[in-house]
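Engineer: In the working numbering, the protein residues as written are 91 to 484.
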């Protein structure tokens with residue numbers, strides 16, 4: 091087993107030691123974490139034509155802990171992460187999700203170190219979420235992120251909230267191993283190429299303004315730096331990731347009207363090509379459906395992308411979220427994403443709940459269908475799976 095240590099963190103980590111001296115002698119200290127045992131059960135024996143990728147069961151162990159020091163407006167947060175996988179050496183990895191010093195006073199907040207930031211409002215895609223790199227070996231929905239070195243300054247005023255980011259180091263995307271399940275149909279070269287001569291040390295920056303007016307929540311964002319989504323350059327026996335420079339303008343819009351929730355995400359990117367993408371949708375919640383304590387949410391979202399090979403180029407997502415409102419917090423989400431121009435679809439299932447105060451169960455399922463060998467889903471068409479996990483919190 092070989093662990094891949096996180097890169098590029100030393101230059102920022104020293105700040106934590108310097109700023110920590112400002113904490114009082116008796117700060118509030120909290121420690122907690124999660125241990126998870128996970129098993130993926132693949133429904134097909136083989137993954138397309140790849141030799142060796144025939145394992146039906148993939149087991150893994152995950153450990154994530156968090157240390158939190160807090161006193162007098164100062165916070166130091168440390169959240170390391172580790173996963174050990176039974177089949178995929180690339181999925182066996184360690185990362186520092188968060189390691190940062192934060193100080194707040196009056197209407198201001200500043201943080202230095204490694205952090206995670208989420209932008210977005212829609213369910214099926216997260217178009218504007220651009221600060222952190224995707225940890226692609228963790229899941230298929232793109233919600234797992236690598237820690238990002240950053241300097242963040244935040245102002246909370248009557249006229250809205252303004253976040254400013256300086257991002258001095260770039261994290262390359264993780265990929266599953268060539269002979270594992272849920273992998274690309276080719277080897278990915280570790281020697282990535284960059285448009286910037288400074289490579290991963292290009293200085294990126296971003297801004298985000300957000301506000302609420304009556305029932306409307308909205309945000310405008312701007313990013314200038316290295317594109318987190320790589321292009322692939324074909325080689326003789328592999329592909330090389332290429333990370334271009336880009337500028338992105340993003341919009342998030344959300345409105346709550348009774349039991350209705352209206353959502354919009356849109357972005358414009360100026361990079362190798364000019365791209366426009368948007369996801370718009372609605373969620374309606376039936377409270378006490380069928381004369382029970384259950385709440386049933388109906389979700390419908392449409393995604394458009396003018397990039398020819400985008401995953402959500404012309405797709406409709408329909409989903410249902412059932413909250414049982416029981417003492418265990420049980421929830422079930424079922425959704426279908428259908429390409430309106432092609433005969434391909436992706437189906438997902440998520441369910442979770444507590445067993446006891448410190449135990450939680452989760453079920454995740456994915457199924458894929460396409461006959462288009464140019465579709466991003468084509469490499470996954472033999473990788474339908476159901477994953478079950480048990481977590482212990484301490």
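All residues carry an ideal CB built from backbone N, CA and C; glycine is no exception.
#1: Report the rounded CA-to-CA distance for residue 217 versus residue 369, giving the unit in angstroms.
#2: Using CA atoms only, rank isn't needed, just tell me which of 188, 277, 132, 481 is closest to residue 326.
#3: Quick check on the burial criterion: 16 or more other C-beta atoms within 10 angstroms. Buried or exposed for residue 227?
#4: In whole angstroms, what separates the C-alpha of residue 119 from that of residue 131?
#5: What residues in its chain sit with their C-beta under 6 Å from that of residue 234, if we drop five residues either side in the sequence?
#6: Output needed for residue 261: all residues of its chain with C-beta closer than 6 Å, excluding positions within five of it in sequence on either side, in chain order.
#7: Taking residue 457 as the reference, give the member of 474, 185, 339, 254 with the closest Cα.
#8: Please determine if the stretch 425-442 and the stretch 387-405 are in contact, where contact requires at least 3 C-beta pairs separated by less than 8 Å.
#9: Compute the beta-carbon to beta-carbon distance between residue 242 and residue 259, rounded to the nearest angstrom, for a pair I have assumed lies under 8 Å.
#10: Using 10 angstroms around the beta-carbon of residue 294, count the other beta-carbons present and answer buried if the total reaches 16, otherwise exposed.
#11: Using 8 Å as the cut-off, can you tell me whether the stretch 377-397 makes contact with the stretch 409-420, which would need three or more C-beta pairs spanning the two stretches below that distance?
#12: Residues in the same chain with beta-carbon distance under 6 Å from residue 175, minus the five sequence neighbours each way, listed in chain order, please.
#13: Do you know how far the Cα of residue 274 is from the Cα of residue 145?
#14: What would DSSP say about residue 332, mapped onto helix, strand or coil?
#15: Might you give, ordered along the chain, the residues of its own chain that have their beta carbon closer than 6 Å to the beta carbon of residue 440, omitting 5 neighbours on each side?
#16: I'd like the list of long-range same chain contacts for residue 112, defined as Cβ closer than 7 Å, with 5 residues on each side in sequence excluded.
#17: Closest by CA to residue 309, which one among 323, 346, 341, 330?
#18: Report, in whole angstroms, the separation of the C-beta atoms of residue 167 and residue 158, which I expect to be a contact under 8 Å.
#19: Give me the Cα-Cα distance between residue 114 and residue 122, rounded to the nearest whole angstrom.
#20: So, with DSSP's three-state summary, where would you put residue 379?
#21: With DSSP run on the structure shown, which of helix, strand or coil describes residue 469?
#22: Residue ranges of each alpha helix (DSSP H) run of no fewer than 4 residues wholly in the stretch 160-236, ordered along the chain?
#23: Assign residue 211 to one of two classes, buried (16 or more other C-beta atoms within 10 Å of its C-beta) or exposed (fewer than that).
#24: Leaving out five residues on either side along the sequence, give the residues of the same chain with a beta carbon under 7 Å from the beta carbon of residue 328.
#25: Determine the DSSP secondary structure at residue 105, reduced to helix, strand or coil.
#26: Any idea which residues DSSP pairs residue 359 with across the strands?
#27: Report the three-state DSSP secondary structure of residue 289 (helix, strand or coil).
#28: Go to residue 250, then tell me how far its beta strand (DSSP E) extends in each direction, as first and last residue.
#29: Taking 8 Å as the threshold (C-beta atoms), are residue 444 and residue 484 in contact?
#30: Would residue 480 and residue 127 qualify as a contact pair, given that the criterion is a beta-carbon distance under 8 Å?
#31: Determine the extent of the beta strand (DSSP E) in which residue 316 is found, giving its start and end residues.
#32: Whose C-beta lies closer than 8 Å to the C-beta of residue 347 among residues of the same chain, with five residues either side of it excluded?
#33: Quick one: what's residue 280 bridged to in DSSP?
#34: Nearest to residue 162 by alpha carbon, out of 425, 317, 117, 189?
#35: Grab the span of the beta strand (DSSP E) containing residue 124 for me, first residue to last.
#36: Once DSSP output is grouped into helix, strand and coil, what is the label at residue 154?
Structural biologist: Taking the structure as given:
#1: 8 Å
#2: 277
#3: buried
#4: 40 Å
#5: 225, 228
#6: 223, 236
#7: 474
#8: yes
#9: In fact, because the Cβ distance is near 14 Å, the residues do not count as touching under 8 Å.
#10: buried
#11: yes
#12: 150, 181, 182
#13: 16 Å
#14: strand
#15: 423, 454
#16: Its pLDDT being 48, under 50, residue 112 is placed unreliably by the model, and the measurement read from it follows with that caveat. Taken in chain order, the residues that qualify are 164.
#17: 341
#18: 5 Å
#19: For residue 114, the pLDDT reaches just 49, beneath the cut-off of 50, and the residue's location in the model is therefore unreliable, leaving the point undetermined.
#20: helix
#21: helix
#22: none
#23: buried
#24: 276, 277, 278, 279
#25: Residue placement at residue 105 cannot be trusted, given a pLDDT of 46 that sits under 50; what the coordinates show is reported in the next sentence. Three-state DSSP puts residue 105 in a helix.
#26: 338, 365
#27: helix
#28: 250-257
#29: no
#30: yes
#31: 306-316
#32: 305
#33: Answer by DSSP bridge pairing: none, since residue 280 is not bridged.
#34: 117
#35: 118-132
#36: strand
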